[in-house]
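Each residue of the sequence shown is one higher than the last, beginning at 592 in this note's numbering.
C-beta: ideal position from N, C-alpha, C; glycine also.
Computed from a prediction, not measured in an experiment: that's the story for all the values here.
Report on the following structure.
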Amino acid sequence: MTCIVCPNGCRIQVEKKAEGLAITGNQCKRGAAFAEAEITNPTRTVTTTVRTVFPRAPVVPVRTRGEIPKDKIRDLMAFLNTLTVTEPLGIGAAVVKNVLGLGRDVVVTSNVLAEEADESPELAGGVPKSYKS
Ligand code: SF4
């Protein structure tokens, strides 16, 4: 596998042995920890976009606050595709909390909606719910 922890991109080999995993090719301990996690419980931070009701910002960038299991990414993307942000949420605001019961929030990573609300005060009140499906 290729380590994605830093830009070096080391090629790491992992072998299962009776005494545990034998990890080679990594240049540092972080690479070994990454390789072990990839074998036992791979996780990722997910970045994507969510639709909004705002014509001048029809989508807003979001990411998971922390990593989620890699095998849940497809479910997460399907769920996020059902959402529409209806409030001018600022950077760091949760679009959805504890998404899919994974213990992670999905948060806005841009101020584009808040800036839109500043320029269009009629949007500042938003809609009571932070999202709708
Ligand atoms: S093993 Fe260490 S040096 Fe190599 S890519 Fe991973 S974090 Fe970077």
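Just checking my contact of Val698 with Gly681 at CB under 8 Å: how many whole Å lie between their CB atoms?
-> Their Cβ separation, rounded to whole angstroms, is 10 Å, which puts Val698 and Gly681 out of contact at 8 Å.
CB of Val596 to nearest heavy atom of the ligand SF4: below 7 Å?
-> yes
Kindly confirm or deny that the segment 647-658 and the segment 614-626 touch, where touching means at least three C-beta pairs closer than 8 Å.
-> no
Is the CB-CB distance between Val687 and Leu704 below 8 Å?
-> no
Hey, out of Ala685, Val690, Arg602, whose CA is closest to Cys619's CA?
-> Arg602
Kindly give me the distance between the Cβ atoms of Ala628 and Thr636, rounded to whole angstroms, as I take these residues to be in contact under 8 Å.
-> Contact flag wrong, Cβ pair sits at about 13 Å.
Bounding residues of the alpha helix (DSSP H) (the contiguous stretch that carries Ala705) | 703-710
Gly611 in three-state terms, based on DSSP | strand
Alpha carbon to alpha carbon, how far is Thr700 from Gly616?
-> 35 Å
Compute the Euclidean distance between the alpha carbons of Glu606 and Thr643, then round it to the nearest angstrom.
-> 46 Å
Note the first and the last residue of the continuous alpha helix (DSSP H) segment covering Arg654.
-> Premise fails: Arg654 lies in the beta strand (DSSP E), 650-655, not in any alpha helix (DSSP H).
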